[in-house]
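Below: one structure, written as structure tokens.
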Amino acid sequence: MSLNKLNLLYRAVVLDHAQHPHHKGEISQVTQKVTLHNPSCGDDIQVFICVAQNQISEISFEGQGCTISQASASMMTDVLQGNSVSQALSQCEAFFALTMGKAIAENQKEALGDAAVLGSLAEFPMRIKCATLAWHAAKMALEGTLK
Amino acid sequence: MTIKRETLRKDFPILDRKVNEEPLLYLDNAATLQTPNQVLKKITEFYQKSHANVHRGVYTLAQEATQAYEQVREQVAAFIHAANAHEIVYTRSTTESLNLVASSFGELVVQEGDEILLTIMEHHSNLIPWQQLAKRKKAILKYVPLTVDQTLDVHAFKQQLTEKTKIVALAQTSNVLGVTNPVKKLVELAHQQHAYVVVDAAQTVAHHALDVQDLNVDFLAFSGHKMGAPTGIGVLYGKSELLKAMPPIQFGGEMIENVTKTTATWQPAPWKFEAGTPNIGGVIGLGAAIDYLNHLEMSWIAATEKKLMMHLLPELQKIEGLTIYGPQTVERHEGIVTFNLAHIHPHDVATGLDMLGVEVRAGHHCAQPLMAALGVESTVRASLSFYNSIAEMDRFVYALKMVKEFFNHESE
Chain F
107 MSLNKLNLLY RAVVLDHAQH PHHKGEISQV TQKVTLHNPS CGDDIQVFIC
157 VAQNQISEIS FEGQGCTISQ ASASMMTDVL QGNSVSQALS QCEAFFALTM
207 GKAIAENQKE ALGDAAVLGS LAEFPMRIKC ATLAWHAAKM ALEGTLK
Chain A
338 MTIKRETLRK DFPILDRKVN EEPLLYLDNA ATLQTPNQVL KKITEFYQKS
388 HANVHRGVYT LAQEATQAYE QVREQVAAFI HAANAHEIVY TRSTTESLNL
438 VASSFGELVV QEGDEILLTI MEHHSNLIPW QQLAKRKKAI LKYVPLTVDQ
488 TLDVHAFKQQ LTEKTKIVAL AQTSNVLGVT NPVKKLVELA HQQHAYVVVD
538 AAQTVAHHAL DVQDLNVDFL AFSGHKMGAP TGIGVLYGKS ELLKAMPPIQ
588 FGGEMIENVT KTTATWQPAP WKFEAGTPNI GGVIGLGAAI DYLNHLEMSW
638 IAATEKKLMM HLLPELQKIE GLTIYGPQTV ERHEGIVTFN LAHIHPHDVA
688 TGLDMLGVEV RAGHHCAQPL MAALGVESTV RASLSFYNSI AEMDRFVYAL
738 KMVKEFFNHE SE
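Here the protein sequences come in this chain order: F and A.
Here the first sequence stands for residues 107 to 253, where the numbers follow this note's numbering.
Here the second sequence stands for residues 338 to 749, where the numbers follow this note's numbering.
Structural data, given as structure tokens:
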């Protein structure tokens, strides 16, 4: 019996983000906040954003979850912080495509930073929901700022 | 049908497959039991030799199909010791059975201000139908809590029963805690208050002999797929006089007696509840599954599963950081054990185990109010069956230790 394949999903960078998440906790100025629920495990994730002049000045998340969901949320905040709303939205889409195993352009992959390692999720389809929850929440929050 | 206990694993070819390059160790039997060859063969034979719609044609094939379909009803009645086959309604699942009772019988007997008593350990399928009925009727929904040892608080059950209690709905065996409730005693108490008792036996039917007359339950629901039949066939047992009083909730073919442009009359129970072409193949499979279980003997199944749990539970209890939910003693445990490993999310545990070929469930197990009562969002659940072995229990424990080490080591 071997857990080698687990290393594919739980890379050191994933475990590191999960154990020491970046931008965790509510930010002081919030323009949009979205809570999403993972119906399979019952975990909630909250994403907070502060957008000024179409630019994400701050982004954070809150909530408990599995290694994948916590790591993915942490990576997401690193990736999206400081970006324009439209840029962030397209990064969300690129992340969705990546986790579904679709090919994305090399520069898109690069723009996803640490989160690009979650491309290995395509091999673990039952866990895609865990990884994309925070990104879906961010997408909804960003779309909320456009209304 | 040839079935031998010694070689019964051969009846389940799926148990020979590999998962992630490891031999499959299937421990999600509470979700669905694997289907033995004998059941598949019977269904294939039916489709190859006798397939026709039931209760319609006058030709030979239709008559054969109808006979087979109704014969299984007799078999089901005998299997759970119902007084007669007309007390057996075919449904799609346990969920549909329970919804039928809530929507038809519940509508009849529950009025504003009445009480419906549930237990906190109910699966959503025996909870939401009552919750919604209570909403419609402005009735009061009450939950029996757990004791400190995480079994049903029978004392609280007694206290919460009042003359206003119209319906008591409870699981015979919890799909999370693995504990079997003292249904017979609870039914007695409920009947003293003239309440009707609805029992979800989904987690009991393939593991223990059932006797609905001895238990004196008013309704009892279970699913075929948890006992070796295909998915999509379920059963509702109801006492004759209760089924007779209940209106149908689905209308259409097969369930009618006479129809005019403005009126319709119904077939007697159970047929008035079986609108439309039923799952005939599923019914045939259910009959074969009952044959299979009967050949093994329910007492042998119960004893075999108990032996496995007697081996497994103490081994799990030795793992540091592992919390078992539900009773801590083997005596009160059916073949279900639900747990968490400290600091490791259930989904991570389940993915790790899956890499080692071990298939377990992680999540809230469709019992979110129970999860809240236990103070967790989700848990890992391993559920065994008569085809599992002691060696598999050892392998499971070993795999669990590996997964624990992987995550603990990686987090250092």
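Backbone N, C-alpha and C define an ideal beta-carbon position, used for all residues, glycine too.
Values in this document were obtained by computation on a predicted structure and should not be read as measured data.
Tell me, please, whether the CB atom of residue i is closer than 8 Å to any CB atom in chain F?
i, result
"Q468(A)", "no"
"T688(A)", "yes"
"M692(A)", "yes"
"S462(A)", "no"
"N357(A)", "yes"
"K676(A)", "It is worth fixing the name first, because residue 676(A) is Phe in this sequence and not Lys. Not one chain F Cβ lies under 8 Å of F676(A)."
"H670(A)", "no"
"E459(A)", "no"
"P706(A)", "no"
"F723(A)", "no"
"P683(A)", "yes"
"H545(A)", "no"
"G658(A)", "no"
"F733(A)", "no"
"M730(A)", "no"
"G712(A)", "no"
"M739(A)", "yes"
"S720(A)", "no"
Can you tell me whether DSSP reads residue i as helix, strand or coil?
i, result
"N421(A)", "coil"
"F743(A)", "helix"
"D691(A)", "helix"
"Y427(A)", "strand"
"R346(A)", "helix"
"Y533(A)", "strand"
"C172(F)", "coil"
"T251(F)", "helix"
"Y480(A)", "strand"
"T488(A)", "coil"
"V157(F)", "strand"
"R117(F)", "coil"
"R718(A)", "strand"
"N759(A)", "The requested residue 759(A) does not occur in the structure, where chain A is confined to residues 338 to 749."
"N357(A)", "coil"
"A538(A)", "coil"
Would you verify that the beta carbon of residue i is, or is not, closer than 8 Å to some beta carbon of chain A?
i, result
"Q170(F)", "yes"
"K111(F)", "yes"
"G207(F)", "no"
"F167(F)", "no"
"F202(F)", "no"
"G148(F)", "yes"
"L115(F)", "yes"
"F230(F)", "yes"
"T173(F)", "yes"
On the DSSP letters alone, give me the boundaries of the beta strand (DSSP E) that residue i sits inside.
i, result
"Y662(A)", "L659 to Y662"
"K139(F)", "Q138 to H143"
"R698(A)", "R698 to G700"
"E212(F)", "Counting along the chain, E212(F) falls outside any beta strand (DSSP E), though it belongs to the alpha helix (DSSP H) covering E212 to A217."
Less than 8 Å separating the beta-carbons of residue i and residue j?
i, j, result
"H418(A)", "V549(A)", "yes"
"T502(A)", "Q530(A)", "yes"
"E563(A)", "L370(A)", "Residue identity check: residue 563(A) is Lys in the sequence provided, not Glu. Yes, they are a contact pair."
"L437(A)", "I586(A)", "yes"
"V119(F)", "D184(F)", "no"
"G131(F)", "D149(F)", "no"
"I570(A)", "G619(A)", "yes"
"V713(A)", "G515(A)", "no"
"V554(A)", "A532(A)", "no"
"M458(A)", "V513(A)", "yes"
"H684(A)", "C156(F)", "no"
"A439(A)", "I425(A)", "no"
"A719(A)", "V697(A)", "yes"
"L498(A)", "A471(A)", "no"
Which stretch, first to last residue, makes up the alpha helix (DSSP H) that contains residue i?
i, result
"Q161(F)", "No alpha helix (DSSP H) holds Q161(F); the beta strand (DSSP E) holding it covers Q161 to E168."
"E401(A)", "T397 to F416"
"D628(A)", "I617 to L633"
"C198(F)", "V191 to T205"
Hey, is residue i's beta-carbon within less than 8 Å of any beta-carbon in chain D?
i, result
"C236(F)", "Chain labels in this structure do not include chain D; the protein chains are F and A."
Could you say if the segment 158-170 of chain F and the segment 338-346 of chain A meet the contact criterion of at least three C-beta pairs nearer than 8 Å? No: the two stretches stay apart, fewer than three of their Cβ pairs being nearer than 8 Å.
For the structure I just gave you, are there three or more beta carbon pairs, one from the segment 516-526 of chain A and one from the segment 479-492 of chain A, closer than 8 Å? Three or more Cβ pairs drawn from the segment 516-526 of chain A and the segment 479-492 of chain A lie within less than 8 Å of each other, which places the two stretches in contact.
Do the segment 209-227 of chain F and the segment 173-183 of chain F meet, that is, are 3 or more Cβ pairs less than 8 Å apart? Because the criterion of three Cβ pairs below 8 Å is met, the segment 209-227 of chain F and the segment 173-183 of chain F touch.
With a cut-off of 8 Å, do at least 3 Cβ pairs link the segment 391-399 of chain A to the segment 567-587 of chain A? Taking a contact to require three or more Cβ pairs closer than 8 Å, the segment 391-399 of chain A and the segment 567-587 of chain A do not qualify as touching.
Taking contact to mean at least 3 C-beta pairs separated by less than 8 Å, is the segment 467-482 of chain A in contact with the segment 402-417 of chain A? Result no; under three Cβ-Cβ pairs closer than 8 Å.
Does the segment 711-730 of chain A come close enough to the segment 633-649 of chain A that 3 or more CB-CB pairs lie under 8 Å? Below 8 Å, enough C-beta pairs join the segment 633-649 of chain A and the segment 711-730 of chain A to call them touching: three or more.
For the segment 728-740 of chain A against the segment 652-672 of chain A, are there 3 or more C-beta pairs whose distance is under 8 Å? Taking one beta carbon from each stretch, the segment 728-740 of chain A and the segment 652-672 of chain A have 3 or more pairs nearer than 8 Å; the two touch.
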